[in-house]
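In our numbering, the protein residues as written are 420 to 566.
Cβ coordinates follow ideal geometry from the N, Cα and C atoms, glycine included.
Note that the coordinates shown come from a computational prediction; the quantities given were computed from them, not determined experimentally.
Report on one structure; see the data block that follows.
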């Protein structure tokens, strides 16, 4: 029988909060391994970060890939000698967001990815956005600094 003062009790708010923190850290670490495996082209390690029923969504092209095998194949067959580095990772319970810098030859681009986890430490969904640079509207040159 569980005591009301037992800190490991299922209904203990501290235990629940610690579990949330652990799952958040676990998903963040999984996402870090995901990007490292992608950069290394280590497709077995990449697959290990994914839930069997992972869903990958490219919102801008309205494409979706369902399942670990197809998603790994999509990445393995992606054209070009691309390289990536993670610029920022933000994690909170149940989700992680990354901002990555990608180069393909001389071309540079940034991607923003939203991840959710399956509760088992694997990635359940990935939603990617690839923002395109554009020229700013006229009339605010006196307020901004271009870089």
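Of the residues the options, the one placed nearest residue i, counting alpha carbons only
i           : options            : result
residue 463 : 492, 475, 445, 484 : 492
residue 536 : 447, 564, 436      : 447
residue 479 : 509, 531, 465      : 531
residue 508 : 566, 454, 487, 439 : 454
residue 539 : 436, 472, 461      : 472
residue 554 : 437, 548, 563      : 563
residue 522 : 435, 549, 514      : 549
residue 544 : 476, 436, 481      : 476
residue 547 : 560, 482, 565, 566 : 482
Residues near residue i by beta carbon distance below 7 angstroms, same chain, minus five either side
i           : result
residue 469 : 487, 490, 541, 542
residue 443 : 510, 511, 512
residue 457 : 465, 494, 503
residue 505 : 454, 517, 519
Residues bridged to residue i [DSSP beta-bridge criterion]
i           : result
residue 553 : Residue 553 is not bridged to any residue.
residue 547 : 477, 532
residue 516 : 509, 533
Contact set for residue i: own chain, Cβ-Cβ below 8 angstroms, skip 5 residues either direction
i           : result
residue 439 : 512
Nonlocal neighbours in the same chain, by C-beta distance under 6 angstroms from residue i, ignoring five residues either side
i           : result
residue 420 : Only weak support exists for where residue 420 lies, its pLDDT of 43 falling under 50; the value from the coordinates is given anyway. Same-chain partners within the cutoff: there are none.
residue 423 : Unreliable placement is indicated for residue 423, whose pLDDT of 44 sits below 50; the coordinate value is still reported in the next sentence. Answer for residue 423: no residue qualifies.
residue 485 : 474
residue 452 : 468
residue 515 : 446, 447, 450, 534
residue 425 : The predicted position of residue 425 is uncertain, since its pLDDT is 46 and thus under 50; a value taken from the coordinates is nonetheless stated next. Once the five neighbours on either side are set aside, residue 425 has no close Cβ partner at all.
residue 378 : In the structure as shown, the chain starts at 420 and stops at 566, and residue 378 therefore has no counterpart that could be examined.
Is the stretch 492 to 502 in contact with the stretch 513 to 527, if contact means three or more CB pairs nearer than 8 angstroms? yes
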